[in-house]
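The sequence shown begins at 27 in my numbering and counts up one residue at a time.
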Amino acid sequence: MHLRYHGTQKEKPNRSKCYCKDIYKDENTGDFLIMLWKSDTDSTGSLLGASEDGEIGSSSVVKYTNSYRGKKVIWGRPCFYWVIPELETIVSIKFDHSICDSELFQDYVHSSITNRVKHSKRVKNKTEKGYIRLSNTDDDDLYKYMYRFDMKLRSLETTHTELGKLIPKSRT
């Protein structure tokens, strides 16, 4: 599976890029486990580092780019989300090697709807300022629509608990 980037409506240089790394659907429950990859690099694809034992005031930095040993690399960390449609709940799961970021998930879903999902009667226009505006082409409907997605993040402690034991807690 290749990672797919879903950009924001207008690229924001200070916002981390987000890539979908994996999606799993449990056919019995209808729940989803989604792994997004949050890029730590800047908008050019480079990552800067400072020498751990460098002198204070030293201007030397190490620069990694999005090309490593001839292959494209997305420097970053995973974010895990458990989507439970039955409860209208999204759980961010924190492991030792991952991070939690509810805004990243919201932006990803919003960008996916805006940039990837096809809708009949929908027209996608770009404004002078670079924003994407969606409108309905139905002549009987005088209103314009904009997709919004908001969520409250619910985090469960996984440091000393097996994931299987967390399932009943999330369904209460």
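The beta carbon of each residue, even a glycine, is placed where N, CA and C say it ideally should be.
Close beta carbons around residue i, own chain, < 8 Å, minus the five adjacent residues each side
i: V88; result: L74, G75, A76 and S77
i: R22; result: The structure shown has nothing for residue 22, since the chain only spans 27 to 198.
i: V143; result: none
Residues bridged to residue i (per DSSP)
i: N151; result: R159
i: D48; result: M61
i: F106; result: M61 and I119
i: L74; result: K89
i: K144; result: Its beta-bridge partners do not exist; DSSP assigns none.
Whole-Å CB distance - residue i paired with residue j, under 8 Å assumed
i: G80; j: S86; result: 6 Å
i: Y45; j: I100; result: 6 Å
Selected residue, minimal CA-CA separation from residue i, among the options
i: I49; options: I60, S42, K43 and R41; result: I60
i: L113; options: K51, T55, D176 and S84; result: T55
i: A131; options: D176, D52, L160 and K51; result: Reading the sequence as shown, one finds Phe at residue 131 and not Ala. With distances taken between Cα atoms, F131 lies closest to D176.
i: S146; options: K155, V109, R95 and S161; result: S161
i: V109; options: D57, E53 and K155; result: D57
i: K51; options: P111, K98 and S128; result: P111
i: F106; options: S128, Y90, E154 and R95; result: S128
Outcome for residue i when other beta-carbon atoms lying within 10 angstroms are tallied against a minimum of 16
i: V149; result: exposed
i: S118; result: buried
i: K47; result: buried
i: S84; result: exposed
Own chain residues within Cβ distance below 6 Å of residue i, not counting five before or after
i: S42; result: K64 and S65
i: M27; result: With a pLDDT of only 40 at M27, under 50, the local geometry of the prediction cannot be trusted, and no value is derived from it.
i: R30; result: With a pLDDT of 46 at R30, under the threshold of 50, the predicted position of this residue should be treated as unreliable, though the coordinate-derived value follows. Answer for R30: C46, listed in chain order.
Neighbourhood of residue i by C-beta distance below 7 Å, restricted to the same chain and skipping five residues each side
i: K152; result: I158
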